[in-house]
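Step one of this worksheet: look at the structure below.
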Amino acid sequence: MPGALSDVVVLDLSHALAGPFASTMLGDYGAEIIKIEPLDGEIARAWGPPFYGEESAYFVNLNRNKHRLPRDPTHPQAQAILFRLLDRPPPLPEPPLQLVQHCDRLGDHGVRIGEHRSGGWEIISAPELFIATAAERTRHIRLGTGVNSLAYHHPHILLDRIILLDHLTRGRIMLGIGIQRPDARTGSDGKAAP
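Number 217 in my numbering belongs to position 114 of the sequence shown; there are no gaps in the numbering.
Spelled out as structure tokens, the structure:
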């Protein structure tokens with residue numbers, strides 16, 4: 104029996120925990136997951152022990168139901184997958200919005216949309232705008248931000264935006280915040296460490 108998401112294709116560009124875990128769950132529901140790793144490889148490959156062969160058990164578990172694109176973009180298999188994806192490029196942000204709507208129909212309790220500053224760039228660069236749009240198209244699912252790092256967002260301005268979203272979503276907003284630790288190369292004041 105095909106899974107609930109068997110007609111969904113997900114391009115997984117994430118690393119570490121949150122993104123790989125989310126895409127693995129989508130794969131468990133039948134979505135086709137295509138994982139593309141950075142040229143130097145996924146950082147979680149070395150997170151162990153325990154290890155399964157040369158990869159950490161952690162990495163193997165979070166990537167169990169994915170097509171993994173070879174790390175060398177000149178490899179014929181990598182090129183074949185990329186060309187297949189280019190034949191049917193999804194117009195963003197419709198597929199993520201459709202996925203949130205589908206999760207709402209399935210009765211899921213909540214989704215998180217948003218930034219994670221360690222990634223360096225975002226597929227959904229304005230999570231609050233996305234949440235406002237998703238709120239119009241859903242009825243029950245709770246909509247949450249990813250980690251809003253207080254190092255990048257003034258707390259009062261962030262709170263003002265979330266209060267507005269709380270009204271727009273009729274109380275379905277969830278707020279994720281985090282405090283960035285000082286960069287190892289600098290002291291807590293931002294000046295270069297000795």
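Every residue, glycine too, gets a C-beta built ideally from N, C-alpha and C.
When you compare only the Cα positions, how much space is there between residue i and residue j?
i	j	result
W150	L246	31 angstroms
G133	V111	8 angstroms
D143	H118	12 angstroms
Y161	A147	7 angstroms
I280	V250	5 angstroms
E157	A183	26 angstroms
G213	F186	34 angstroms
H259	L267	13 angstroms
M277	E239	16 angstroms
F124	L165	6 angstroms
D207	R171	29 angstroms
T236	S109	25 angstroms
Looking at residue i: is its Cβ nearer than 8 angstroms to the Cβ of residue j?
i	j	result
L253	I282	yes
K169	G122	no
P230	I216	yes
Which residues does DSSP pair with residue i in a beta bridge?
i	result
S159	F154
D115	K138
N251	I280
I need the DSSP call for residue i, collapsed to helix, strand or coil.
i	result
V214	strand
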